[in-house]
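J.:
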Amino acid sequence: WSLIGISMVGKKRLINIEWSLILVIANEIPGDFIECGVWRSGSSIFVRAVFKALNINDRHVWLTDSFHDLPKAKTNNDNDHWSKKEYLKVSLEEVEENFRSFNLLDNQVHFCKGYFIDSLSRCNVSNIAVLRMDGDMYGSTMD
Numbered sequence: 042w043s044l045i046g047i048s049m050v051g052k053k054r055l056i057n058i059e060w061s062l063i064l065v066i067a068n069e070i071p072g073d074f075i076e077c078g079v080w081r082s083g084s085s086i087f088v089r090a091v092f093k094a095l096n097i098n099d100r101h102v103w104l105t106d107s108f109h110d111l112p113k114a115k116t117n118n119d120n121d122h123w124s125k126k127e128y129l130k131v132s133l134e135e136v137e138e139n140f141r142s143f144n145l146l147d148n149q150v151h152f153c154k155g156y157f158i159d160s161l162s163r164c165n166v167s168n169i170a171v172l173r174m175d176g177d178m179y180g181s182t183m184d
């Protein structure tokens with residue numbers, strides 16, 4: 042992946058996300074897409090683009106992230122060097138601008154700001170059909 046791109050997810054993983062969405066839609070599985078840990082939001086932008094291309098208006102894209110930094114290591118399974126990487130610190134404003142650059146920031150895109158342990162309970166997601174976890178830290182993934 043490129044430090045200048047909007048996603049660390051390569052083509053194979055994007056195809057996996059697309060197939061997950063198509064499977065959910067084809068089988069009429071209710072719910073939205075939620076991504077926990079979004080970096081510059083490339084995967085979520087891709088999901089919103091798929092929904093738009095398929096004229097899906099009843100599913101939403103939820104992004105949960107601190108939009109600031111990574112949490113400090115809390116367990117022996119974590120490595121604090123990730124929390125010190127400046128390129129991983131992406132603001133909500135930058136993420137919104139990335140959506141805007143593809144004309145995909147609309148009322149189907151929602152942001153839940155904060156560490157997972159705090160932000161997930163504040164998200165008003167009624168059903169989750171597809172969940173993408175990219176918590177970077179063991180502790181935040183377990184939260």
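Position one of the sequence shown corresponds to residue 42 (this note's numbering), numbered consecutively onward. Using N, Cα and C, we set each Cβ at its ideal position, and we do this for glycine too. Computed from a predicted structure; not experimentally measured.
Excluding sequence positions up to five away, which residues of its chain have a Cβ less than 8 Å from the Cβ of ARG81?
T.: Numbered from 1 along the sequence shown, position 40 holds the residue referred to as residue 81. Taken in chain order, the residues that qualify are GLY46, ILE47, SER48, VAL131, GLU135, VAL136, ASN139.
J.: Around the C-beta of LEU95, are 16 or more other C-beta atoms found within 10 angstroms, so that it is buried, or is it exposed?
T.: The residue labelled residue 95 in the question sits at position 54 within the sequence shown. The residue is exposed, with fewer than 16 neighbouring Cβ atoms inside 10 Å.
J.: Spatial neighbours of PHE74 within its chain, please: CB distance less than 6 Å, with the 5 preceding and 5 following residues excluded, ordered by chain position.
T.: Sequence index remark: in the sequence shown, residue 74 carries index 33 (1-based). So the list reads VAL88, VAL102, VAL171, once near-sequence residues are dropped.
J.: Cutting at 7 Å between CB atoms, please list the residues of its own chain near PHE152, excluding the five before and the five after it.
T.: Walking along the sequence shown from the start, residue 152 turns up at place 111. Answer for PHE152: LEU104, LEU133, listed in chain order.
J.: Given a threshold of 16 other Cβ atoms within 10 Å of its Cβ, counted over all protein chains shown, does GLY83 qualify as buried or as exposed?
T.: Here residue 83 refers to the residue found at position 42 when the sequence shown is read from its first residue. GLY83 is buried by the Cβ-count criterion.
J.: Between the Cα of SER162 and the Cα atoms of SER142, ILE86, CYS77, ASN144, which residue gives the shortest distance?
T.: In the sequence shown, the residue the question calls residue 162 occupies position 121. Looking at the Cα atoms, CYS77 is the closest of the given residues.
J.: Where does ILE70 sit, in a helix, a strand or coil, going by DSSP?
T.: Numbered from its first residue, the sequence shown carries residue 70 at position 29. Note: ILE70 maps to coil in three-state DSSP.
J.: Among the candidates MET174, ASN168, ASP159, GLN149, whose CA atom is the shortest distance from the CA of GLU69?
T.: Along the sequence shown, one-based indexing puts residue 69 at 28. Here the closest residue by C-alpha is ASN168.
J.: Specify the secondary structure class of VAL65 as computed by DSSP and reduced to three states.
T.: To locate residue 65, count along the sequence shown from 1; it is residue 24. Note: VAL65 maps to helix in three-state DSSP.
J.: The alpha helix (DSSP H) spanning LEU44 covers which residue range?
T.: Along the sequence shown, read from residue 1 onward, the residue named residue 44 stands at position 3. Neither: LEU44 is in no alpha helix (DSSP H) and is coded neither H nor E.
J.: Applying the 10 Å Cβ sphere with the 16-neighbour rule, what's the burial state of SER107?
T.: The residue labelled residue 107 in the question sits at position 66 within the sequence shown. By the 10 Å Cβ count, SER107 comes out buried.
J.: Drop a sphere of 10 angstroms on the beta-carbon of ARG141, count the other beta-carbons inside from all chains shown, and report buried for 16 or more, exposed for fewer.
T.: The residue given as residue 141 occupies position 100 in the sequence shown. ARG141 should be labelled exposed.
J.: What residues in its chain sit with their C-beta under 7 Å from that of LYS53, if we drop five residues either side in the sequence?
T.: What you label residue 53 is simply residue 12 of the sequence shown in a count that begins at 1. Nothing meets the Cβ criterion.
J.: Which same chain residues end up closer than 7 Å to VAL50 when comparing Cβ atoms and leaving out the 5 residues on each side of it in sequence?
T.: To locate residue 50, count along the sequence shown from 1; it is residue 9. Once the five neighbours on either side are set aside, the close Cβ partners of VAL50 are GLY83, SER84.
J.: Measure the CB-CB distance between ALA90 and LEU145 and report whether it falls below 8 Å.
T.: Along the sequence shown, one-based indexing puts residue 90 at 49. Along the sequence shown, one-based indexing puts residue 145 at 104. Contact flag set, yes.
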